[in-house]
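If you're matching them up, the sequences are chains Z, E, G, X and F in order.
Counting from 12, one number per residue, gives the positions in the first sequence under the numbering used here.
Counting from 12, one number per residue, gives the positions in the second sequence under the numbering used here.
Counting from 12, one number per residue, gives the positions in the third sequence under the numbering used here.
Counting from 12, one number per residue, gives the positions in the fourth sequence under the numbering used here.
Counting from 12, one number per residue, gives the positions in the fifth sequence under the numbering used here.
Right, one structure below, let's go through it.
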Amino acid sequence: MSIQIHLVGPLGTNITIEVQEEREIFPTLRKYGKSGWSSGDLPAGGVSLPLAMADIFDWSLIGARPYTNADGEQAVMYRGQSYKRRELEEVDTKKLKLPKIVKYSRGARPTDLPHLKEGEDGGVQYITLISFRGGGKVLDAYVDAAKAAGTAG
Amino acid sequence: MSIQIHLVGPLGTNITIEVQEEREIFPTLRKYGKSGWSSGDLPAGGVSLPLAMADIFDWSLIGARPYTNADGEQAVMYRGQSYKRRELEEVDTKKLKLPKIVKYSRGARPTDLPHLKEGEDGGVQYITLISFRGGGKVLDAYVDAAKAAGTAG
Amino acid sequence: MSIQIHLVGPLGTNITIEVQEEREIFPTLRKYGKSGWSSGDLPAGGVSLPLAMADIFDWSLIGARPYTNADGEQAVMYRGQSYKRRELEEVDTKKLKLPKIVKYSRGARPTDLPHLKEGEDGGVQYITLISFRGGGKVLDAYVDAAKAAGTAG
Amino acid sequence: MSIQIHLVGPLGTNITIEVQEEREIFPTLRKYGKSGWSSGDLPAGGVSLPLAMADIFDWSLIGARPYTNADGEQAVMYRGQSYKRRELEEVDTKKLKLPKIVKYSRGARPTDLPHLKEGEDGGVQYITLISFRGGGKVLDAYVDAAKAAGTAG
Amino acid sequence: MSIQIHLVGPLGTNITIEVQEEREIFPTLRKYGKSGWSSGDLPAGGVSLPLAMADIFDWSLIGARPYTNADGEQAVMYRGQSYKRRELEEVDTKKLKLPKIVKYSRGARPTDLPHLKEGEDGGVQYITLISFRGGGKVLDAYVDAAKAAGTAG
């Protein structure tokens, strides 16, 4: 058996890495992800993961790198763009019920593909990378073991 | 002989799996499909299959997962989006003849590609994943054996 | 030497088949084409072949299947869509000279990519799959041997 | 070492040819190009080559075929479309300086991708395949040896 | 282990080169880049690198070639288009703070994809290839050793 993993580098370089076993897929994504290589595109509108993963998701799986910006805000760098962490608290009133959401997003740029931009026409537009919401169960394969240990500690 | 199957994972990851024989294609799609991996894109406007397959189609072939939502409705989860089952009953009047259709669709999102959206401009817009209609014969390769047994029982 | 043929299946599945010799390319396209697999996209606006091939083109090469519809019209099924045969007779007047054309086309759907649609804005729009026109010589590699024998007989 | 060359055929067929050495790339492009296979897409707006190559460029490298049309004009057939040779003579006046250009272009069709069309909105629009201009040096790898011999003779 | 590098040539040719070790990726990009082959697309809006790399970036990694144009300006040729070096000096007033930026850009052409164009609608529009800005650390893998030696000397 042979498995090929298709990757894009920070300069746009397209390569394909061959591994011999299925269990090598995730470690390979992690290894290259630490140098900013990523595989494929996240779904338009951003990927959605369970809220319980907001602090333990392994960003290296998508070639992203978490950091704290100059204003002390949490952010991730993904394909040369910075996405800020935003927390939308639960709303539970008679009129409106919204779950807690942790999302990473950034302001839209003129060179973003039009369909990726969210927000009102003429108003502020943004791009969502990832949303953590809902009670789904934690996907162990996506967890950063070091962070999970820290969270549990 | 060697056959490669190109797959996209839940985080957008692009991989290629090699199998040795043609008869391994469908089992491989099923195996990876159960973890949310899918191969290629369904045709724009959704794929069309015979009505007789509406209850026995094997969703794992396209990386989708059927479930019942909180309102008790049947739905499938496909690439992070939920598509609801809708049944359009046969219409057979003098004015209008429409066959019975079972379709899985969802409301359009701002980040969907424009040409995939159906419905009137300014009105409700939706995306169709799959339609079951017409008297075509059941394609055995696409059938979920367990469900087919259940249906027959 | 090794040659890979890239194919798309009826559910959008992307696979790559390896063959050892160049002369296996067309038989492989035919074999998979009979089950609805096709390779790549026809050029936008449809492919153009010599008029002499209109009745002997081997549709399996592009994963299409000729059939006669409920109204007795000739049509081909290609990637889940039906294209009807239309014959445009030769026009040879002082004002206008048009060659005979046999084309397979269908009405445009909302989910077709905009640039593929032909016809006036606001008027009827259609998609052309293939046009047979002009005196070019028959390409033997594209011929359905059984049909060619029948035509000759 | 192994090198794969990705090709598209006249019916849109996608194949990959494996060769063992770098020096086989161009002969392989030429061999398949003679049957109308081409690799990848020319840059939008057309590729630009030195003027000195206008009569010796090897069209088979891009799967194109030069011919003389019914009106005696020079043209090339590329992916089912005909591009005519146009010569823009040098302009060297006080007001305007333009170098000599030999270009192959065709009128735009409704099914061309919008961004490939040049010319004013509402006016005549066209698609450029290739422009020969400027004093750059001849790239030997792109030359048709037979034509170069004829030109020199 | 085997690694494939996907490249696009000056005529649009698509090839894949196989190397045996990860440390061969960058030398292979450099080797082919010197003949104008490049891998994948730079991010829309251009890639961003640290300011300290403005004079030592190895352009061959992206198949680009630096040169001095007829007006004595520094430029790079990338995929048949010329991008000029522009230096935006630091602005540090009460009203406005902007870091020093060195960028390579060119005027937009009608055949550029719409979302790649920057600048106001109706005004001057341009395409950015690369920006050097900020205090990030030099990425040794991207450095042109000869230039770095010259800069240090």
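Beta carbons: idealized from backbone N, C-alpha and C, even for Gly.
Test: residue i CB closer than 7 Å to a CB of chain E
| i | result |
| --- | --- |
| residue 164(Z) | Only weak support is given to the placement of residue 164(Z): the predicted model assigns it a pLDDT of 46, under 50, and the question is left unresolved by the model. |
| residue 112(Z) | no |
| residue 61(G) | no |
Contacts that residue i makes with chain G (C-beta to C-beta distance below 7 Å)
| i | result |
| --- | --- |
| residue 15(E) | 26 and 27 |
Short Cβ contact (7 Å threshold) for residue i with residue j
| i | j | result |
| --- | --- | --- |
| residue 157(F) | residue 113(F) | no |
| residue 155(X) | residue 69(X) | yes |
| residue 19(G) | residue 49(G) | yes |
| residue 147(F) | residue 61(F) | yes |
| residue 5(Z) | residue 22(Z) | As displayed, chain Z neither begins before 12 nor continues past 164, which places residue 5(Z) out of reach and without an answer. |
| residue 100(F) | residue 108(F) | no |
| residue 152(G) | residue 67(G) | no |
| residue 137(X) | residue 131(X) | no |
| residue 15(Z) | residue 24(E) | no |
| residue 29(X) | residue 13(X) | yes |
| residue 63(G) | residue 149(G) | yes |
Under 7 Å from the C-beta of residue i: neighbouring residues of chain X
| i | result |
| --- | --- |
| residue 76(F) | Going along chain X, no residue has its Cβ under 7 Å from residue 76(F), so there is no contact; the nearest lies around 12 Å. |
7 Å Cβ cutoff, residue i in contact with chain G
| i | result |
| --- | --- |
| residue 22(X) | yes |
| residue 91(X) | yes |
| residue 52(E) | yes |
Residue range of the alpha helix (DSSP H) that includes residue i
| i | result |
| --- | --- |
| residue 42(E) | 36 to 44 |
Residue-level contact to chain Z via CB, residue i, 7 Å cutoff
| i | result |
| --- | --- |
| residue 127(E) | no |
N- and C-terminal bounds of the beta strand (DSSP E) containing residue i
| i | result |
| --- | --- |
| residue 139(Z) | 137 to 144 |
| residue 26(X) | 25 to 30 |
| residue 79(X) | 75 to 79 |
| residue 22(Z) | Taken as a continuous stretch (DSSP letters only), residue 22(Z) belongs to no beta strand (DSSP E), as it is neither H nor E. |
| residue 95(G) | 92 to 99 |
| residue 118(E) | 112 to 118 |
| residue 58(G) | 58 to 60 |
| residue 89(E) | 85 to 89 |
Within-7 Å CB hit, residue i to chain X
| i | result |
| --- | --- |
| residue 140(F) | no |
| residue 46(G) | no |
| residue 73(G) | yes |
Within chain E, the residues that residue i reaches when beta carbons sit closer than 7 Å
| i | result |
| --- | --- |
| residue 121(G) | 129 |
Proximal residues of chain F, C-beta to C-beta of residue i below 8 Å
| i | result |
| --- | --- |
| residue 124(Z) | 55 and 126 |
Residue i Cβ short of 6 Å to the ligand PLP heavy atom set
| i | result |
| --- | --- |
| residue 160(F) | Inclusion of the ligand PLP in the displayed structure is not the case, the ligand content being empty and no account of it being possible. |
Neighbouring residues, chain Z, relative to residue i (Cβ below 7 Å)
| i | result |
| --- | --- |
| residue 19(E) | 51 |
CB contact below 7 Å: residue i versus chain F
| i | result |
| --- | --- |
| residue 159(X) | no |
| residue 12(Z) | no |
Contact set between residue i and chain X, taken where Cβ atoms lie within less than 8 Å
| i | result |
| --- | --- |
| residue 36(G) | 24 and 26 |
Interface residues of chain F facing residue i [CB-CB closer than 9 Å]
| i | result |
| --- | --- |
| residue 58(X) | 21, 22, 23 and 91 |
| residue 169(X) | This structure leaves residue 169(X) out entirely; chain X is present only between 12 and 164. |
Listed by chain order, chain E residues near residue i by CB distance under 9 Å
| i | result |
| --- | --- |
| residue 64(Z) | Those do not exist, as residue 64(Z) stays about 12 Å from chain E at its closest Cβ, beyond 9 Å. |
Neighbour flag for residue i against chain A, beta carbons, 7 Å
| i | result |
| --- | --- |
| residue 29(F) | The structure shown contains no chain A; its protein chains are Z, E, G, X and F. |
Does the region 114 to 124 of chain X come close enough to the region 31 to 39 of chain X to have 3 or more Cβ pairs within less than 8 Å? Here the region 114 to 124 of chain X does not lie against the region 31 to 39 of chain X, with fewer than 3 beta-carbon pairs under 8 Å apart.
Measuring CB atoms only, is the region 141 to 155 of chain Z touching the region 46 to 62 of chain Z, in the sense that at least three cross pairs come out at less than 8 Å? Contact between the region 141 to 155 of chain Z and the region 46 to 62 of chain Z is present, because at least three Cβ pairs lie under 8 Å.
For the region 74 to 94 of chain Z and the region 88 to 95 of chain F, state whether three or more C-beta atom pairs, one from each stretch, are separated by less than 8 Å. The region 74 to 94 of chain Z vs the region 88 to 95 of chain F: no contact.
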